[in-house]
Amino acid sequence: MRTFKLSSLLLLICLAATALVVNAQDPPPETPTPGGARPGAGGPPSSDPQPYDKVITKDAKTKKGIFAVHQVKDKYYYEIPKSEFGKEYLWVAQIAKTTLGAGYGGQALGNRVVRWELIDNKVHLRNRNYSVIADPKTPISEAVQAANNDSILMTFSVAAWGPNNDTAVIDVTRLFSTDVFEFSARQRLNATALDSSRSFIERVTPYPTNIEAESSMTYTRIAPPAGMPGGGSSQSSGMNPGSATVVLHYSMVKLPENPMMPRLFDERVGYFSQTQIDYGRDEQKAPETTYIRRWRLEKKDPSAELSEPVKPIVYYIDSATPTKWVPFMIKGVEKWQKAFEAAGFKNAIIAKRAPTKKEDPDFAAEDARYSVIRWLPSTIENASGPHVADPRTGEILESDIQFYHNIMNLQRSWYFLQVGPLDKRVQQLPMPDDLMGVLLEYVVAHEVGHTLGFQHNMKASSMYPQEKVRDREWVHKMGHTPSLMDYSRFNYVAATRGQYPRRRPRPRYWAV
């Protein structure tokens, strides 16, 4: 009995000692501070607002615009007027510059409708979703709102109130110095992590209706072993093992407070479109409403049959474009003018050379106020014409056409194969610049069509009978293809007689 008691006592001592060791190694977790800055907390450390001059010191560099932007050493502050809280903005993120093998300047990272929300001493940046809607006057709108709550992208503490207590000052440094999930370049590059020690904000510049920011961000990537997905080659990821420094451009543009009247989609006309589920409509189902995407053109003189628009559609030709091709690219853009004239608009669409840094130091091709045709150093034999639209109405706000350098090789190959035996100009390479320029002009016109909201029209090139495309007067008047939005090739049927236009597609008059 004494032996059993002694053994039991020794066992209890051992268990107690073990518990002490475990407690020493694993202290109880700390209770997180609400709004604290620990990873995953989603907010900055809680603190009371400070006096204005303690935050925005005499050394601050201030720029005025839709918000005042203050730079104090390596920190950036927004001074947001209380009148701007609740207003909606379009936040657009793009890659401006890249390391070789990590994409190209002008590539989009995404866009979202956001709004600033002020609650006590906190400012929330919320993401608004317009894919599901209901009239606020209908009972079901409460349920729609409950199922479609605006998510919080980032939270900021009010660092100070403005001198007249009508503005809130927040530190937005994190907004441009961290990898924001919704616009993650790390995911696009298939990178492992952002190295903050090699990343910094280059500039934050306010304008009357928008704010533009650029950050130099360095990402690291560890290549997977050969045989694993993405292993043994950097082509699948777009980025070589090691580090990549990219410049990210952020545009935050105020959306029109008077939204454009949307236009309903008709499947007989090939527009790009966007769809909303409208639970507020009195139907025995959840009806979808689909709007086309189009530019907002309004006549200066509504009574005139032909009037210039209040705001024309302007495309800037990237300053990196080889000089000899610029006139052809301008012609490609303005090929659409006749179609808009038929709709009652004069000079509705124009092209300009982008200003140099000396001419306009504030001009940036990534600025969401500008539509730019970007010339990209790539072996890709293609071009593309994306656009950014207001999700509320379908209004196209801007576009950035991506023109890859090797599109010239594709055009040369097509022309040589289709009409080479008939055109001596292409029987010796390189082909003349005036011929290549005309080929590029068509590509520009086609991609501009996409940025105007038009989808492909692959039926167009089969619409005209053979005798018509061999009729010189018909081709001169009607073109050999009724739509620029087809993949229209060369009129080698007519070219058998050696005197007709090789390619003469028409803009989409009826759709415009």
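In this text, residue positions in the sequence shown follow our numbering: the first is 2, and each later residue adds one.
We treat Cβ as the ideally placed atom computed from N, Cα and C, and that holds for glycine.
Annotation: the continuous alpha helix (DSSP H) that includes Trp475 extends over Arg473 to Met479.
By the beta-carbon neighbour count (other beta carbons within 10 angstroms, threshold 16), Asn383 is exposed. Here the segment 84-93 makes contact with the segment 247-257; the two share three or more CB pairs at distances below 8 Å.
Cβ contact annotation for Phe329 (same chain, cutoff 6 Å, sequence separation greater than five): Gly438, Leu441 and Glu442, in chain order. Looking at the backbone, the Cα of Ala340 and that of Ser178 are separated by about 45 Å. Counting only unbroken stretches of 3 or more residues, the beta strand (DSSP E) elements lying wholly within the segment 231-298 are 243-255, 274-279 and 289-293, in sequence order. One alpha carbon belongs to Trp337, the other to Val270, and they sit about 17 Å apart. The Cβ atoms of Ser274 and Gly386 lie no closer than 9 Å to each other.
Under a 10 Å Cβ-count criterion, Leu249 is classified as buried, with 16 or more other Cβ atoms of the shown protein chains found around its own Cβ. In this structure, DSSP gives Val311 a state outside helix and strand, which the three-state scheme calls coil. The C-beta distance from Ser185 to Ser200 rounds to 14 Å, too long to fall under 8 Å, and the pair is not in contact.
The beta carbon of Trp376 sits closer than 6 Å to those of Asp319, Ala321, Thr322 and Phe404, all from its chain and outside the five residues before and after it, given in chain order. Counting along the chain, no alpha helix (DSSP H) covers Thr206; the unbroken beta strand (DSSP E) around it starts and ends at Phe201 to Pro207. Here His451 is buried. Its C-beta has 16 or more other C-beta atoms within 10 Å. Between Val389 and Ile397, the C-beta gap is smaller than 9 Å, which places the two residues in contact. Residue Arg282 holds the alpha-carbon nearest to the alpha-carbon of Pro137 among Met486, Asp487, Arg426 and Arg282.
According to the DSSP secondary-structure assignment, Val133 is paired through a beta bridge with Ile278. Taking the CA atoms as reference points, Ile81 sits about 33 Å from Tyr292. Each residue's CA atom was taken as its position, placing Lys83 and His447 some 44 Å apart. A distance below 7 Å between beta-carbons, with the five flanking residues on each side excluded, links Trp326 to the following residues of its chain, in chain order: Gly438 and Leu441. Measuring C-alpha to C-alpha distances from Asn165 to each of Gly333, Gly111, Gln95 and Asp54 identifies Asp54 as the nearest. Each residue's CA atom was taken as its position, placing Asn211 and Met486 some 33 Å apart. The segment 109-123 makes contact with the segment 149-160, as at least three CB pairs between them are under 8 Å. Listed as beta-bridge partners of Gly111 by DSSP are Ala94.
A residue is called buried when at least 16 other Cβ atoms come within 10 angstroms of its Cβ; Asp368 meets this threshold and is buried.
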